[in-house]
Amino acid sequence: MAIIIEPATSEEDLLEFARIHLAEGNRQRAYEWNAAPSEASIRNIAKGNVSRLSNPAVRMMKAVDTEAGNKVVGAAIWLFPVSAELASQAPVATVSLVGIPEQNHEAKAELIKMIEAGRKEIMGTREHVYLASIAVRPDAQRQGIGKKLTEWGIDEAQRLELPIYLDATPQGKGLYEKFQFELIEEVAFDPTKYGGTEPVLCSRMLKEAQTVQK
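Residue numbers (UniProt numbering): 1 to 214.
See the structure below:
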């Protein structure tokens with residue numbers, strides 16, 4: 001396996017992003033789904049993200065295995081601060097909720113609200129890089145792909161001298177600790193009213209900016 005990290009550039013890439021994030025075993029928050037997403041729903045999610053490809057604030061990075069026909073084996077979505085002018089011109093990604101009937105949209109909306117409230121509380125108006133999501137194909141995990149995707153974002157943030165904020169799952173927390181992310185706080189989301197049985201832990205983590213030697 002020979003992995004390179006490069007930007008997503010096409011709707012086909014976004015389709016692979018959706019398949020990887022929603023693969024069995026990667027859907028961490030099972031209560032968000034009333035059933036496994038159909039191929040039609042996966043395609044609808046990918047289509048709803050097309051505008052992100054031209055959004056200057058969004059970096060959609062793919063991990064490609066060059067020894068397997070350039071197969072996409074990992075995906076990460078990073079958000080970077082941009083000027084107010086660029087932000088006003090950026091397209092907004094919208095996904096048709098009607099086209100994703102398997103998803104529990106109320107549960108997802110409540111969790112996103114909690115996550116965004118935490119980021120606002122901790123980061124305030126500070127410019128920062130945000131790791132929105134990262135996932136690896138189940139059959140390619142534990143081979144350093146998540147590490148490479150994370151390293152790409154850290155390198156970019158360091159070049160810009162910006163801190164990185166993220167919300168880690170219990171499965172991903174250890175990786176970020178190895179990169180010296182500081183645990184700010186842990187919060188739990190109660191999914192019982194949506195059919196979940198266990199609290200969902202979310203680790204709010206921060207890696208402060210590093211000054212680049214010039």
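Even for Gly, the Cβ is constructed at its ideal location relative to N, Cα and C.
- Per DSSP, reduced to three states, the secondary structure at I100 is coil, with no helix or strand assignment.
- Apart from the 5 residues on each side of it in sequence, A36 has no Cβ closer than 6 Å to any other Cβ in its chain.
- Counting the other Cβ atoms within 10 Å of the Cβ of E186 gives fewer than 16, which makes it exposed.
- Going by DSSP, E12 is part of the alpha helix (DSSP H) stretching over E11 to H21.
- Between the alpha carbons of L79 and K193 lies a gap of roughly 31 Å.
- Straight-line spacing of the CA atoms in L201 and A40 works out to 30 Å.
- In this structure I4 is exposed. Its beta-carbon is surrounded by fewer than 16 other beta-carbon atoms within 10 angstroms.
- Here the alpha carbons of P163 and A157 stand approximately 7 Å from one another.
- About 5 Å separates the beta carbons of D167 and I115, which is inside the 8 Å limit, making them a contact pair.
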